[in-house]
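Enquirer: Be aware that the sequence shown starts at 4, since it is given in our numbering, and climbs by one per residue.
Cβ atoms here follow ideal geometry from the backbone N, Cα and C, with glycine treated the same way.
Remember, it's a predicted structure, so these values are computed and weren't measured experimentally.
A single structure is presented below for examination.
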Amino acid sequence: MKTIHLFTLTAALAALLISAAPLHASTDDRIESDVRKSYVFKNYLKDDAIEVHAKNGVVTLVGTVAEEHHRSLAELTIALLPDVERVDNQLKLKGGDEAWLVTSVKSALLFNRNLNARKTKVDAENGIVTLQGEAASETERDLIAQYVKEVKGVKAVINQMTVTSNGVKNVVDNTTVDGARFTNN
């Protein structure tokens with residue numbers, strides 16, 4: 004009798020475990036489907052490159068978004084769905100590395116007591132920083148380029164700054180800074 008009862012209990016437990024796996028799979032599939040069909044994803048996040056992966060109620064977001072608040076919007080939308088346990092938001096801001104590099108360069112210039120770089124325009128693409136604007140002297144122009152080169156993530160500097168002397172702009176040749184040497188383009 005005990006053997007039959009133990010066998011029945013084991014069979015029931017095995018059936019429960021076998022049927023539970025597809026239940027999670029169907030729940031995860033439904034979560035992913037609900038995300039794609041949601042109003043927010045269809046209307047506000049449609050131009051962003053977002054991949055949604057659900058596993059056991061944990062939803063992972065990977066890809067890029069055009070604006071920072073889209074990261075939060077995607078996460079909040081998914082977190083409010085039924086059966087979602089947690090959201091792992093790995094979304095990155097499109098062009099985020101360049102934006103971060105520009106911010107780092109501007110901060111380095113603004114907080115340097117030896118420079119007056121308020122009129123310096125900074126752009127970055129693929130680690131190459133382009134400087135435009137006005138410098139008070141040739142020395143300041145070159146010093147700005149040297150400080151920028153020391154910022155982490157800067158691969159090269161294209162210095163298109165002009166030198167003003169007594170209100171008169173003097174255009175100086177574009178100078179590319181690689182490491183510690185200067186080369187004219």
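Express the C-alpha separation of N92 and A111 in angstroms, rounding to a whole number.
Expert: Each residue's alpha carbon lies about 30 angstroms from the other.
Enquirer: Taking the continuous alpha helix (DSSP H) assigned at A82, which residues delimit it?
Expert: E71 to A82 is the extent of the alpha helix (DSSP H) around A82.
Enquirer: Give the secondary structure of S140 by DSSP, where H, G and I count as helix, E and B as strand, and everything else as coil.
Expert: Of the three classes helix, strand and coil, the one that applies to S140 here is coil, per DSSP.
Enquirer: State the DSSP-derived secondary structure class of L48, mapped to helix, strand or coil.
Expert: L48 falls in the coil class under three-state DSSP.
Enquirer: Are V68 and I34 touching if we call contact CB-CB under 9 angstroms?
Expert: Taking 9 angstroms as the Cβ cut-off, V68 and I34 do not qualify as a contacting pair.
Enquirer: Please classify D50 as buried or exposed, where buried requires at least 16 other C-beta atoms within 10 Å of its C-beta.
Expert: When all chains shown are included, D50 counts as exposed.
Enquirer: What residue does the beta strand (DSSP E) around N92 start on, and which one ends it?
Expert: Where N92 is concerned, the enclosing beta strand (DSSP E) stretches over R89 to L96.
Enquirer: Can you list, in chain order, the residues of its chain whose CB lies under 8 angstroms from that of K155, leaving out five sequence neighbours each side?
Expert: Closer than 8 angstroms at Cβ, skipping near neighbours: S107.
Enquirer: Apart from the five residues on each side of it in sequence, which residues of its chain come closer than 8 angstroms, Cβ to Cβ, to D150?
Expert: According to the sequence provided, residue 150 is Tyr. The question's Asp does not apply to it. Same-chain partners within the cutoff: A111, L112, N115 and L118.
Enquirer: So, at 7 angstroms on beta carbons, what are the nonlocal neighbours of A120 in its own chain, with the 5 sequence-adjacent residues on each side left out?
Expert: These residues qualify, in order along the chain: L112, L113 and I147.
Enquirer: Let me know if A77 comes out buried or exposed under the rule of 16 or more other beta-carbons within 10 Å of its beta-carbon.
Expert: Buried.
Enquirer: Between which residues of its own chain and E71 is the CB-CB distance below 8 angstroms, once the five residues before and five after are set aside?
Expert: So the qualifying residues of the chain are L96.
Enquirer: In chain order, what residues of the same chain lie with their CB nearer than 8 angstroms to the CB of E128, ignoring the 5 residues before and after it?
Expert: Answer for E128: E101, listed in chain order.
Enquirer: Identify every residue that forms a DSSP beta bridge with K58.
Expert: In the DSSP output, where bridge partners are listed per residue, K58 has V61.
Enquirer: Residues in the same chain with beta-carbon distance under 7 angstroms from S140, minus the five sequence neighbours each way, listed in chain order, please.
Expert: Excluding sequence neighbours, S140 sits near V166.
Enquirer: Should N162 be labelled buried (16 or more other beta-carbon atoms within 10 Å of its own) or exposed?
Expert: So N162 counts as buried.
Enquirer: Where DSSP assigns a beta bridge to G66, which residues make up the other side?
Expert: Bridge partners of G66: I53 and L94.
Enquirer: In this structure, does DSSP put L134 in helix, strand or coil?
Expert: Reduced to three states, the DSSP call for L134 is strand.
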